[in-house]
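Chains as they are written, first to last, in the working numbering: chain G, 1 to 447; chain S, 448 to 851.
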């Protein structure tokens, strides 16, 4: 340049140009990898994204305990838990593919936004190769979509809504937990047996997606055995007091109340219903009955003695007598001093299933893992013979119908298993109307 | 230059510098060291800092200038997000139409809410805006589920119509939001020794929008219109006695600030195409009030700093768990290690709200003017020292400039 007077603007321009020129080659570095967050030779990082604050913090804490236990077992510490009973024996306690398992944790706050940003920080900052956890369907659907975009595997924690493997199913996402349809299909015959086939049901439904799909599933299943639906009423989430919704029930001609509530809502609505004397009431010449489609031990503890004799369904219960369940309950109990919840069980199993799929595939590449998990049949993880269906990435296994125990021995022994509904009875076609409108797409390995 | 006076220009250049070099500034610790936990230079957090910065700057136009405390600003953010996602579902994955429609929708909603709420002032105004925002939240969460996706949020799907684009990519995935072909999630990494810096397209796109939005805010603060808003804050009754109708001014401020919120909401979905109802819940509205107060109400840069501090604490402190604490204090003897960890543990991980609360209390008690006042005090400290070294010609301290 002939102009020797270097102006400030000229300097800025030159600086900017140099910066751009220098950074250009680095644009290509991100494409050098085969897939997102390919782990190094010594360790692999998993992301445990659970609710640590908010309505489901109890479940989240239990999930985190289970994850820590799973990591211990994968790394060959502790007694090995379900690794010994798992039908696939490729995991040998040396981590995953010889890499030591490490983990990072995050708080979903039971909010899709918080859960997604927590998952993104795990993927972008900590290099997590798999995200797992969550205790509500909204969070599961949101994080599953994120993992599909980012190109990592998502192993859903506790999520019961049909949508997770229905209209919002994704190729990179997998669910071990059961769903609303299965609850309905398992409960309906038991309810028909216990209460007769000509009941009139009144539904109080939590006013969000999980409530809608569960209400629909239970309604269709019970109408299939001859029940009649009197009314369905939506209740706002987190309403502390349900008495105004309970009052009209007795005069409506219904003789059965179905509480499609979960967590604290279920505890409150059931308590209200019992206080209003519904359980002693008579309607249509019969005893009035209450049904709670989805039970968990943590909810049962919150509801106390109100839960006695009430039917519901659950994914797993620690009192199961098979080898896998006992091994898991034993090592969980030894480490923490109390038995695990169903949320803990599904999270533990999901971690093992992921590790096993990676080992069988011989790669951490999400597409390899998807291939290894699709159509995978296994046993020894507490639910009997189980299939990970390829069409929608949903696990198919027996479903437990439980009832609140009349005389509990301890604060953990609140539910008794009434029936183990065989898997055939809860299996449905992948394009069942309750699950339609979704597409898996193809697996995304990311960058 | 740019129609700004010298002090404003300096401030603007500082903000520009922070925006450009944020990936370096936020990543001060080498990868793999114990302090790497405090690194915040990853795309998600950087984007969020800038987006909430824009949100807070917009909120400050209303709260800082007119003194009207809106407790429902998250509603505009949420509506902007939903509008943006719908644009991506129906029209194109280009973020520009999404941002435009986000701003317009939020503006429209703020005209309606502002028109009603601004009939009252003070606490009644706050309660009215809060009520409207909670209404919007409830509608989005359940009643309008077909439009908003309800609890699971509004997401893109593989069979969106998308008139000016493809429903899915050749590999069978949902396309990524882009700015005329520049994909928002594209990143490049610069390895410098032990350090690793990530440059993300989405972040720099947000930074450009922030630069424009902040420039507009400075001009607005210094304009006659801004002066009128300040007059509303200092004494609205006196203003009306002089025959001025303050309502059009306050409504304009409300709508502008609502549009800023809509812009922030649109950017959020441009970075991460999902809109959830929790974005509109009252705690989200409260958060932006905290940001403004923490940084310094009525100052230009304060809200940005406040947003930065809150989002940084939320993202970083909440990911520290007991295992990490034990690693840090592993050098201590066993008993002492457990003791120290037990003391610190309640303040990290799920206890990050506690840390935020303490920081907020300390700022409000000792620095009523927010972080900006803290910065000014430190600045004065140095200035005084310099003065002591060289005896000053005049002993009067310059009056603090309002709104800086």
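Every residue, glycine too, gets a C-beta built ideally from N, C-alpha and C. This structure is a prediction, so every number in the text was calculated from the model and none was measured.
In the three-state reduction of the DSSP assignment, residue 721(S) falls in the strand class, which pools E and B. When only Cα atoms are considered, residue 191(G) and residue 356(G) end up about 38 Å apart. Look at residue 260(G): its C-beta is not under 8 Å from any C-beta on chain S.
The beta carbons of residue 509(S) and residue 762(S) sit no closer together than 8 Å. Distance from the Cα of residue 593(S) is smallest, within the candidate group 533(S), 621(S), 612(S) and 605(S), for 533(S). Using a Cβ-Cβ cut-off of 8 Å, residue 444(G) is close to 618 and 620 of chain S, given in chain order. Within the DSSP bridge table, the entry for residue 791(S) names no partner.
Using a C-beta cut-off of 8 Å, the region 407 to 422 of chain G makes contact with the region 298 to 310 of chain G, since at least three inter-stretch Cβ pairs fall below that distance.
Contacts with chain G at 8 Å (Cβ-Cβ) include residue 719(S). Only 762, 765, 766 and 768 from the region 761 to 787 of chain S bring a Cβ to less than 7 Å from some Cβ of chain G. The region 266 to 333 of chain G contains, as complete beta strand (DSSP E) runs of 3+ residues, the segments 289 to 294 and 311 to 314 (chain order).
Separation of the CB atoms of residue 740(S) and residue 817(S) is rounded to 6 Å, and the pair is thereby assigned contact status at 8 Å. Interface flag for residue 168(G) against chain S is set, since a Cβ pair is found closer than 8 Å. Where residue 672(S) is concerned, the enclosing alpha helix (DSSP H) starts and stops at 671 to 681. Per DSSP, reduced to three states, the secondary structure at residue 181(G) is helical. In this structure, residue 186(G) lies away from residue 342(G), with their beta-carbon atoms at least 8 Å apart. Residue ranges of uninterrupted beta strand (DSSP E) with 3 or more members, entirely inside the region 147 to 232 of chain G and ordered along the chain, are 153 to 156, 173 to 175 and 200 to 206. From the beta-carbon of residue 208(G), the residues of chain S found nearer than 7 Å are 588, 589, 597 and 598.
Where residue 540(S) is concerned, there is no enclosing alpha helix (DSSP H), because DSSP gives it neither an H nor an E. For residue 107(G), the uninterrupted beta strand (DSSP E) run begins and ends at 100 to 107, by DSSP. When secondary structure is reduced to three states using DSSP, residue 637(S) falls in the strand class. A Cβ-Cβ distance of about 21 Å is found for the pair residue 325(G) and residue 90(G), leaving them out of contact under the 8 Å criterion. By the Cβ criterion, the region 77 to 85 of chain G is not in contact with the region 152 to 160 of chain G, since fewer than three pairs of Cβ atoms, one from each stretch, lie closer than 8 Å.
Using a CB distance cut-off of 8 Å, residue 52(G) counts as an interface residue toward chain S. With contacts defined by Cβ atoms closer than 8 Å, residue 421(G) and residue 399(G) form a contacting pair. A check of alpha carbon separations from residue 554(S) across 582(S), 525(S) and 804(S) identifies 525(S) as the nearest. Chain G places no beta carbon closer than 8 Å to that of residue 513(S), leaving this residue out of the contacts.
Closer than 7 Å at the C-beta level to chain S, one finds these residues of the region 131 to 145 of chain G: 137, 138, 141, 142 and 145. In the three-state scheme derived from DSSP, where H, G and I count as helix and E and B as strand, residue 618(S) is classed as coil. DSSP places residue 394(G) in the strand class (E or B) of the three-state scheme. If the five residues before and after residue 788(S) are omitted, its C-beta is found closer than 7 Å to the C-beta atoms of 769, 772, 773 and 776, all from its own chain and listed in chain order.
In the same chain as residue 527(S), and ignoring 5 residues on each side of it, the C-beta atoms closer than 6 Å to its own belong to 549, 553, 709, 712 and 713, in chain order. In its chain, beyond the 5 residues on either side, 721, 722, 723 and 724 have a beta carbon closer than 8 Å to the beta carbon of residue 600(S). Separation of the CB atoms of residue 296(G) and residue 314(G) is rounded to 7 Å, and the pair is thereby assigned contact status at 8 Å. Excluding residues up to 5 positions away in sequence, 246 lie with their Cβ nearer than 6 Å to the Cβ of residue 276(G) in the same chain. Contact annotation: residue 283(G) and residue 255(G) have beta-carbon atoms nearer than 8 Å.
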